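Trainee: Just passing along the structure, written as structure tokens.
Numbering (the working numbering), first residue to last: 77 to 201.
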């Protein structure tokens, strides 16, 4: 229902050809302040992300009245994740990935600091 409203806004902004090619076949699932857009294939996801990402985010904000995290997922990918991590929601899974990414970034920073320390000249008196 809400995604159809977003698609109407996008239809007004895009050429008919672009809308039919990239947006028309999408569906979406809403999970709290997340909207997961199901794409048919990688090409569609890439086009939506690179060409129409900001326009889509603006349309989502117009329809929902607030900003939401938009996740683009290939249909089969979404289904596989849903089965693998059930009963974990997709939102919980993405949040867990973001947390893990933060932990890895912190480890990389510590390693970089150690490398910098090792590269400093040691003055011995």
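Just so you know, even glycine gets a beta-carbon here, dropped at the ideal spot from N, CA and C. Computed from a predicted structure; not experimentally measured.
Three or more beta-carbon pairs under 8 Å between the region 146-157 and the region 102-117, yes or no?
Mentor: With the cut-off at 8 Å, the region 146-157 and the region 102-117 touch.
Trainee: What residues match up with residue 113 in a beta bridge as DSSP calls it?
Mentor: Sequence index remark: in the chain shown, residue 113 carries index 37 (1-based). DSSP lists 104, 148 as partners of residue 113.
Trainee: If you reduce the DSSP assignment to three classes, tell me which class residue 78 lands in.
Mentor: The residue you call residue 78 lines up with position 2 of the chain shown. Residue 78 falls in the helix class under three-state DSSP.
Trainee: Helix, strand or coil, according to DSSP, for residue 165 in the structure here?
Mentor: Against the chain shown, residue 165 aligns to sequence position 89. Note: residue 165 maps to coil in three-state DSSP.
Trainee: Which word fits residue 104, buried or exposed, when buried means at least 16 other C-beta atoms lie within 10 angstroms of its C-beta?
Mentor: Against the chain shown, residue 104 aligns to sequence position 28. Buried, because 16 or more other Cβ atoms sit within 10 Å of the Cβ of residue 104.
Trainee: Can you have a look at residue 154 and say buried or exposed, based on whether 16 or more other CB atoms are within 10 angstroms of its CB?
Mentor: Stepping through the chain shown from its first residue, residue 154 is reached at position 78. Classification of residue 154: buried, given that the 10 Å Cβ count is 16 or more.
Trainee: Helix, strand or coil for residue 198, going by three-state DSSP, please let me know.
Mentor: The residue given as residue 198 occupies position 122 in the chain shown. Coil, per DSSP.
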